[in-house]
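Participant:
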Amino acid sequence: MEDQEPKVFGVIVAGRPIQTDFVQVSKTEFVIEVADSCSANHVVVFLTGVAPFPADTGGTVYIRWPKIGIETNWHYLGYIANDKPSAIFRVAQV
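Each residue of the sequence shown is one higher than the one before, counting from 1 in the UniProt record's numbering.
1) Identify, in the order they occur along the chain, each residue of the same chain with its Cβ nearer than 7 Å to the Cβ of Phe53, setting aside the five sequence neighbours on each side.
2) Extract the residue ranges of the beta strand (DSSP E) inside the segment 13-50, only unbroken runs of 3 or more that lie entirely within it.
3) Which of helix, strand or coil does DSSP assign to Thr60?
4) Is Val11 buried or exposed, if buried means 16 or more other CB atoms sit within 10 Å of its CB?
5) Run the CB neighbour count on Ala40, radius 10 Å, all protein chains shown included, and call it buried at 16 or more, exposed below.
6) Applying the criterion that 16 or more other CB atoms from any shown protein chain within 10 Å of the CB defines a buried residue, is Phe9 buried or exposed?
7) Kindly say whether His42, judged by its beta-carbon, lies nearer than 7 Å to any beta-carbon of chain C.
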């Protein structure tokens with residue numbers, strides 16, 4: 001059986017199952033693709049409890065809608081941290 005990276009982050013789109021299939025794209029960046037994202041109204045991003053952030057750090061949460069020809073349309077939503085391990089974001093109008 002293959003070694004798998006621990007699932008440190010999770011995301012829930014309202015009305016859908018939990019997703020934990022984040023891909024690490026750099027030392028400090030993780031991304032996940034959400035199918036049919038245009039129908040999402042709210043998302044929850046959370047720490048799974050497998051591993052905490054290093055002391056005095058946290059993670060910022062951004063969303064990017066697919067738009068042809070635009071690579072930098074990231075929108076800041078908020079953050080999660082050890083003392084705030086989950087957050088709900090309204091994304092319908094972002």
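Just so it is clear, CB atoms sit at the ideal spot from N, CA and C, and this is done for glycine as well. Since the structure is predicted, the reported quantities are computational estimates derived from the model, not experimental observations.
Facilitator: Let's see:
1) Gly59, Ala81, Asn82
2) 23-26, 29-31, 42-47
3) strand
4) buried
5) buried
6) buried
7) Going by chain labels, chain C is absent from the structure shown, which holds only one protein chain.
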